[in-house]
Amino acid sequence: MTVAAAFLASAAPPLRHPHPPLSSSVATSSGGGVGRKHAERLFFSLDSAAGDERRDAAADRVVRKFLASSSNATALHTLSYLLSSSTTSSSSCTSPADHLALPLYRRVAGAPWFRWNSKLNAGVVPLLEKLGRPAEAEALVSEAASSLKPRKLAAFYGELVESYARHGSEEKVFEIQSHLRALHLGKGAYGSLIRALCLLGLPEEAEGMVEEMGNAGLRPSPFEYRLVAQSYGRLGSLSEMRRVLDAMVASRYEVDTVCANMVISCYGDCGELPEMVEWLRKTRASGVPFSIRTYNSVLNSCPGLCSMLWTPEDVPLSLDELMQHLEEGCRAPVEALLVQELVGSEVLAQTLQWSAKEGKLDLHGCHLGSALVVVLQWVDELKGRLKGESAPVEISIVCGLGKHSSVVGASPVKKLVCEMMFRMESPLRIDRKNAGRLVARGTAVRDWLGSGRSIGARQSSFVVGSIVKHYTHPDLHNFASALEVFD
Numbered sequence: 001m002t003v004a005a006a007f008l009a010s011a012a013p014p015l016r017h018p019h020p021p022l023s024s025s026v027a028t029s030s031g032g033g034v035g036r037k038h039a040e041r042l043f044f045s046l047d048s049a050a051g052d053e054r055r056d057a058a059a060d061r062v063v064r065k066f067l068a069s070s071s072n073a074t075a076l077h078t079l080s081y082l083l084s085s086s087t088t089s090s091s092s093c094t095s096p097a098d099h100l101a102l103p104l105y106r107r108v109a110g111a112p113w114f115r116w117n118s119k120l121n122a123g124v125v126p127l128l129e130k131l132g133r134p135a136e137a138e139a140l141v142s143e144a145a146s147s148l149k150p151r152k153l154a155a156f157y158g159e160l161v162e163s164y165a166r167h168g169s170e171e172k173v174f175e176i177q178s179h180l181r182a183l184h185l186g187k188g189a190y191g192s193l194i195r196a197l198c199l200l201g202l203p204e205e206a207e208g209m210v211e212e213m214g215n216a217g218l219r220p221s222p223f224e225y226r227l228v229a230q231s232y233g234r235l236g237s238l239s240e241m242r243r244v245l246d247a248m249v250a251s252r253y254e255v256d257t258v259c260a261n262m263v264i265s266c267y268g269d270c271g272e273l274p275e276m277v278e279w280l281r282k283t284r285a286s287g288v289p290f291s292i293r294t295y296n297s298v299l300n301s302c303p304g305l306c307s308m309l310w311t312p313e314d315v316p317l318s319l320d321e322l323m324q325h326l327e328e329g330c331r332a333p334v335e336a337l338l339v340q341e342l343v344g345s346e347v348l349a350q351t352l353q354w355s356a357k358e359g360k361l362d363l364h365g366c367h368l369g370s371a372l373v374v375v376l377q378w379v380d381e382l383k384g385r386l387k388g389e390s391a392p393v394e395i396s397i398v399c400g401l402g403k404h405s406s407v408v409g410a411s412p413v414k415k416l417v418c419e420m421m422f423r424m425e426s427p428l429r430i431d432r433k434n435a436g437r438l439v440a441r442g443t444a445v446r447d448w449l450g451s452g453r454s455i456g457a458r459q460s461s462f463v464v465g466s467i468v469k470h471y472t473h474p475d476l477h478n479f480a481s482a483l484e485v486f487d
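What follows is the structure, given as structure tokens:
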């Protein structure tokens, strides 16, 4: 029995074949939301069980119970999520994801339905080394090297070099790079090496790889250029970032929304708000559309606006009021210019669906600052649409239930929007059938906007007990429960 087979057999049920059949990779990149949801349940189960037994034994028991009630696809998505989560922890410290990923990998890899997967195997190799099991890690790599044909081996090495880079292992990245060079370097291998070098914060080496790629007759894609530009930007080398972007344009590639958002993010990380204003103007003039991610990247970089969000009960209730607050701040005049550039775009139209049946504002994907600005835009838009016109049957705002929030089930966006609607004396109420949605009859919204109450500043819902009356829910019985609606 090989070391790798012994490694699998140590915790997995007997294999139907000596080794899992080698075939194309099972798709594990999709279903990230599914993987996260189940991984968080596993974390909770592990925390609950770890006090009663050794952590390794508890993790194995939790994994066995999870697999007994999960589909094959769910197991793969969850394993992929755990392996990616293990790279976010310190290389010298283990995390709950580390303790769960290894027993889950062993059992999944030992199952008769499993087909060899370069991404998963490459993800577990650095984890084994992190957990002090270098011999097992080396055995997995050696087995892949002896079993795979050159093309699949190159794909495995490409996944492995990126995995080592995510763990911050520079020495291993260059070791695997030498293995890749021993094979024929195709476009995929170059792309993996460039991504790995950028993950390590080595943009000069990555740029050299882009040039080498071109000299080999393989035209670099916009993705490779963006990676190198972003790597320079994250290090604060903004002039180098712009130089790489100019090279990309010279190669007859256009700056698109994804690229524009990447530049905005780098300017924001460096606090270069005036540069961000110029970039927004340049991209708008070039016809590059903005997106919700543009809003998020810009507004998350505005300290004046972000400070307002600490006290939702005091946020401005109109765009004019918001602009006035920003213009009076120490750094905020620049922030006012940024907001002005955003509200002049077509992003609101992307989030607003309008028909005779319903006018729906969808805030999925919005961070807090974006939600504030979009809702204020929405109020102004509704005033124009409903003035002298027939209203849809319903008008709603979809905030979500917080499934993707840092604390699952707690939606800061919903909390902010509910606070704003209460202070504006809006007729919108939490939908009894969907707690992540606020809804009202269209005629009620039209009458509300026509009355001028939307620009008022009602006392905060966090101080007024009548919130129970205005934003009630079937399960609310007291004021404390009412506050939970906003979490």
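Heads up, the sequence shown is in UniProt numbering, so the first residue is 1 and it goes up one at a time.
Positions of the beta carbon are idealized from the N, C-alpha and C atoms, including for glycine.
Per DSSP, what kind of secondary structure is residue i in: helix, strand or coil?
i	result
TRP354	strand
LYS433	coil
ALA440	strand
ALA101	helix
THR311	coil
VAL255	coil
GLY450	helix
LYS149	coil
PRO427	coil
PHE114	coil
GLU381	helix
VAL417	helix
VAL288	coil
PRO303	helix
ARG61	helix
LYS130	helix
PRO274	helix
ARG55	helix
CYS266	helix
GLN177	helix
LEU280	helix
Nearest CA to the CA of residue i: which residue from the options?
i	options	result
ALA58	LEU238, PRO316, VAL439 and PRO96	PRO96
VAL315	ASP269, LEU368 and ARG252	LEU368
TRP113	ASN72, TRP310 and SER265	ASN72
PRO392	MET276, ARG446, SER426 and VAL343	ARG446
residue 512	GLU381, LEU128, LYS282 and SER345	In this structure the chain extends from 1 to 487, so residue 512 is not present and cannot be described.
TRP310	THR257, GLY236 and PRO412	PRO412
LYS65	SER45, SER301 and GLY214	SER45
LEU376	GLN340, ARG441, GLU170 and MET213	GLN340
LEU338	ARG234, GLU358 and GLY268	GLY268
CYS259	GLN230, ARG243 and ALA285	GLN230
GLY214	ALA247, ARG234, ARG54 and VAL373	ALA247
Within this structure, are the beta carbons of residue i and residue j separated by less than 7 Å?
i	j	result
LEU82	ALA39	yes
ILE176	LEU227	no
ALA206	LEU199	no
GLU240	TYR232	yes
PRO220	LEU183	no
ALA122	GLU159	yes
ASP431	VAL398	no
SER370	ASN261	no
ILE264	MET276	yes
Using only the alpha-carbon positions, how far apart do residue i and residue j sit?
i	j	result
ARG429	ILE395	11 Å
GLU278	GLU204	26 Å
GLY217	GLY188	14 Å
GLY201	LEU102	28 Å
ARG437	GLU224	40 Å
LYS172	ARG106	23 Å
MET420	VAL288	32 Å
LEU348	ALA435	23 Å
SER251	SER318	44 Å
PHE290	GLY191	27 Å
HIS167	PHE174	14 Å
GLU136	SER85	21 Å
SER451	GLY384	14 Å
HIS99	ALA154	29 Å
ARG334	CYS266	In the sequence on display, residue 334 carries Val and not Arg. C-alpha separation (whole angstroms): 17 Å.
MET424	HIS325	18 Å
ARG133	THR351	49 Å
HIS179	TYR157	8 Å
SER307	VAL298	14 Å
GLU313	VAL379	18 Å
GLY271	GLU170	29 Å
CYS302	LEU449	30 Å
LEU67	VAL417	39 Å
ASN300	LEU235	19 Å
Residue i bridges to which residues according to DSSP?
i	result
SER396	LYS360 and VAL439
For residue i, would you say it is in contact with chain D, using Cβ-to-Cβ distances shorter than 7 Å as the test?
i	result
PHE223	This model lacks chain D altogether, as it is built from one protein chain only.
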